[in-house]
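Novice: First the structure, then my questions, so here it is.
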């Protein structure tokens with residue numbers, strides 16, 4: 680690894696402001712397809728109670744990276760550690776067992792299902808009529824769904840309506856609630872959560888993300904919208920041509936400097952200096 684790559688790795692692995700240990704530690708993560716290197720020696724830490732934004736041009740390797748973290752793709756090289764313990768992500772099931780859930784752009788919702796039917800899809804509650812005949816417990820699922828929305832501080836949509844009739848922000852809320860039905864989720868990965876949403880709907884989703892952070896979740900968002908990134912992120916990680924350029928704290932970088940870094944693939948000297956101070 681070159682000196683520049685080593686410096687970038689250190690920045691990406693910088694300690695959290697409050698000195699907390701990372702929930703997720705990634706070292707040397709690499710994915711190759713024959714002679715093509717999609718991700719090359721990526722190092723990154725993700726901490727509890729933080730929103731980390733992953734940015735970069737199209738083709739930078741963001742999708743490949745999150746697919747390795749979420750168990751969709753197996754890394755060619757490198758390690759993934761949860762609370763300091765190395766784990767293998769061979770499937771999305773492995774990622775869920777490690778406390779990692781991913782919300783993709785399509786949200787994986789069934790349009791003709793109601794809110795609670797989507798939240799409990801594949802995990803439906805059952806009851807027995809007269810103690811004998813099995814039946815879906817629609818009332819129980821509705822109560823649990825409403826309680827989940829309350830716990831997360833999410834505005835409750837009409838539970839009786841199919842999700843196709845909901846707004847984009849409401850659909851995002853349903854997708855988030857579905858992921859958090861299990862209590863052991865600790866990291867939520869969101870792929871372009873504000874894509875195709877209007878200004879007001881985007882604001883609602885940004886509020887969702889802030890509430891998730893306040894409730895102790897780590898949130899990793901992939902976004903092309905730098906205005907949204909500066910509104911919500913605690914740190915910003917930059918990928919370029921499959922390499923991690925670095926990870927900087929939001930209050931250390933200005934919009935134009937971030938754009939130059941994304942395009943040019945090099946952190947400005949003053950950011951390198953600040954990162955060195957954090958590590959001293």
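In our numbering, the protein residues as written are 680 to 959. Idealized CB from N, CA, C, for every residue including glycine. These numbers come from a predicted model, not from an experiment.
1) Report the residue from 723, 820, 875, 827 whose alpha carbon sits nearest the alpha carbon of residue 847.
2) Quick one: which unbroken alpha helix (DSSP H) runs of 4-plus residues sit fully inside the stretch 864 to 905? Chain order, please.
3) What would DSSP say about residue 724, mapped onto helix, strand or coil?
4) Closest to residue 734 by CA distance: which of 930, 906, 950, 948 is it?
5) Hey, would you say residue 725 sits closer than 8 Å to residue 936, going by beta carbons?
6) Give the C-beta separation of residue 789 and residue 771 to the nearest angstrom, bearing in mind that I take them to be a contact with Cβ-Cβ under 8 Å.
7) Under a Cβ-count criterion, where at least 16 other Cβ atoms within 10 Å of its own Cβ denotes burial, should residue 794 be classed as buried or exposed?
8) Would you report the Cα separation of residue 928 and residue 878, rounded to the nearest angstrom?
9) For a test of the three-state rule: what should DSSP assign to residue 813, helix, strand or coil?
10) Which residue or residues does DSSP assign as beta-bridge partners of residue 718?
11) In the DSSP assignment, the alpha helix (DSSP H) including residue 848 goes from what residue to what residue?
12) Please report the Cβ distance between residue 780 and residue 913, rounded to the nearest whole angstrom; I am assuming they are in contact, meaning their Cβ atoms lie under 8 Å.
Specialist: The structure says:
1) For the purposes of this step, residue 847 is identified with residue 168 of the chain shown, where counting begins at 1. For the residues 723, 820, 875, 827, the minimum Cα distance to residue 847 belongs to 875.
2) Taking only runs of at least 4 residues, the alpha helix (DSSP H) segments lying wholly in the stretch 864 to 905 are 878 to 893.
3) By one-based count along the chain shown, residue 724 stands at place 45. It is a strand residue.
4) Here the question's residue 734 lines up with position 55 in the chain shown. Checking every option, the nearest Cα to that of residue 734 belongs to 906.
5) The count along the chain shown starts at 1 and reaches residue 725 at position 46. The count along the chain shown starts at 1 and reaches residue 936 at position 257. Cβ atoms of residue 725 and residue 936: not closer than 8 Å.
6) If you number the chain shown from 1, residue 789 lands on position 110. If you number the chain shown from 1, residue 771 lands on position 92. In this structure, residue 789 and residue 771 do not form a Cβ contact; the two beta carbons are roughly 18 Å apart against a cut-off of 8 Å.
7) Residue 794 sits at position 115 when you count from the first residue of the chain shown. Buried, because 16 or more other Cβ atoms sit within 10 Å of the Cβ of residue 794.
8) As a working mapping, residue 928 is identified with position 249 in the chain shown. As a working mapping, residue 878 is identified with position 199 in the chain shown. Using only the alpha carbons, I get a separation of about 25 Å.
9) Translated into the one-based positions of the chain shown, residue 813 becomes position 134. In the three-state DSSP reduction, residue 813 falls in the strand class (E or B).
10) Numbered from its first residue, the chain shown carries residue 718 at position 39. Bridge partners of residue 718: 710.
11) Here residue 848 refers to the residue found at position 169 of the chain shown. From DSSP, the alpha helix (DSSP H) with residue 848 extends over 847 to 858.
12) By one-based count along the chain shown, residue 780 stands at place 101. By one-based count along the chain shown, residue 913 stands at place 234. Between residue 913 and residue 780 the Cβ distance is about 19 Å, and since that is not below 8 Å, they are no contact.
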